[in-house]
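These notes concern the structure reproduced below.
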Amino acid sequence: MSLSDSNVEKSTTSAQTKNEAYVEEFLEHLRVERQLSFYTQTTYANALRRFVHNSAPPDIKDTSVYDVRDHISWLRSERLAPASIRNTLSCLRTFFEFQLRKRRVEFNPAKSVRGPKLAKKIPNVLDVDVTTQLATAESRTQPKQLRNRAIIELLYSSGLRLSELVSLNISDVDFRAQMAHVLGKGNKTRSVPVGKHAIAAIQAWLGCRQNFDPNAPLFTGRNDQRIAPRTVQDVCKKLGVRVLGSNAVHPHLLRHCFASHVLESSGDLRAVQELLGHEDIGTTAIYTHVDFQQLAKVYDQSHPRAKRRSDDSSE
């Protein structure tokens, strides 16, 4: 290796180290100042490190719109899901906004780059009777079965996200008011109602635990440690296999069922938005999959000039 080649290699290594330092500084900002969840921090870390290692210029300050577009194209070639690509783009935008505030860049190169369009999928939803079957399947009184029933009842009763469920402490549940105080996305708290069946299931589960602290986790696993998200996913999956013969039951499906069943009965989209903790009502609107015949019926009954011809035959 010549002296010039050695200098180039050292310069490149130095620039990469500086880029990595920028990323680590930003991740520290997310952790300390914005106090984002561990899962969100991990998502940012993976997206930014992948960009630095695969698509960023030697000095990240020189990043152009074309570098970001090339990275999106590369992610497509790696067959990353459209939702994951859009998530990566969101991470890059936030990262470069931070660099903009630090006056390291003159503009945000990710801001004008568009991600792939997402097909708006209607969530698969179980009907009320089937969901009730799942919730009542655990009839045994052993601690593990009592815990599992309380988990299913609470997921369906209150529409909690998986992360919200596992982070609940006993003191977060107000048994008299039948409410749970939940820490949601972006460290935002909200209060959600808890149905009487879920309250009863939680009390039965707590009844088999001895000398617990009110600030202890509501749901525990091995060695009385806070239950892991994977454990909750396994509980749902195994219950689905046993009751429905399907391994497609998961915590988020029960959240879908909650939202759809409440919206179907009430028609109050704003209320469901609040219960789910959605910032954008457009996210909640995916649950408005009403049968077209029902829409036609409402139209016929409501619109002043929507009467059928058979009704007007006497004219």
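All you need for our numbering is the position in the sequence shown, starting with 1, plus 858.
Note that the Cβ used here is the ideal one computed from N, Cα and C, for glycine as well.
For HIS1039, the enclosing beta strand (DSSP E) starts and ends at 1037-1041.
Residue pairing by DSSP places VAL1031 opposite ALA1038 in a beta bridge.
Per DSSP, reduced to three states, the secondary structure at PRO1001 is helical. For the region 1039-1095, the continuous alpha helix (DSSP H) assignments of 4+ residues that do not extend past its boundaries occur at 1054-1065, in sequence order.
Per the Cβ contact rule, the region 1057-1069 is not in contact with the region 1088-1095 (fewer than 3 Cβ pairs under 8 Å).
Here ASP925 carries a helix assignment [DSSP, helix/strand/coil]. With a cut-off of 8 Å on Cβ pairs, the region 1037-1046 is not in contact with the region 1105-1114, counting fewer than three such pairs. In the DSSP annotation of this structure, the continuous segment of the alpha helix (DSSP H) that includes PRO940 starts and ends at 940-959.
In this chain, the alpha helix (DSSP H) harbouring HIS911 covers 896-912.
According to the DSSP assignment, PRO1109 belongs to the alpha helix (DSSP H) that extends over 1109-1124. The C-beta distance from VAL1101 to LEU992 rounds to 6 Å, short enough to meet the 8 Å contact threshold. Counting the other CB atoms within 10 Å of its CB gives THR1142 a total of 16 or more, which places it among the buried residues. DSSP, read as helix, strand or coil, puts LEU888 in helix.
Judged by DSSP secondary structure, GLY1140 falls within the alpha helix (DSSP H) whose first and last residues are 1139-1142. When LEU1133, ARG972, GLU964 and ASN1105 are compared, the shortest CA-CA separation from ALA941 is found for ARG972. ASP985 and TYR897 have their alpha carbons spaced roughly 31 Å apart. Apart from the 5 residues on each side of it in sequence, ALA939 has no Cβ closer than 6 Å to any other Cβ in its chain.
Here PRO915 has THR921 and ASP925 as same chain residues with Cβ atoms under 7 Å from its own Cβ, once five neighbours each way along the sequence are excluded. At the C-beta level, PRO1072 and SER1029 come within 8 Å of one another.
Exclusion of the five residues before and after GLN899 leaves LEU885, LEU888 and ARG889 as the residues of its chain whose Cβ lies within less than 8 Å of its Cβ.
By the C-beta criterion, the region 989-1006 is judged not to be in contact with the region 1045-1054, since fewer than 3 inter-stretch pairs fall below 8 Å. Here the alpha carbons of ASN945 and VAL1090 stand approximately 25 Å from one another.
By the neighbour-count definition (other C-beta atoms within 10 Å, threshold 16), PHE1033 is an exposed residue.
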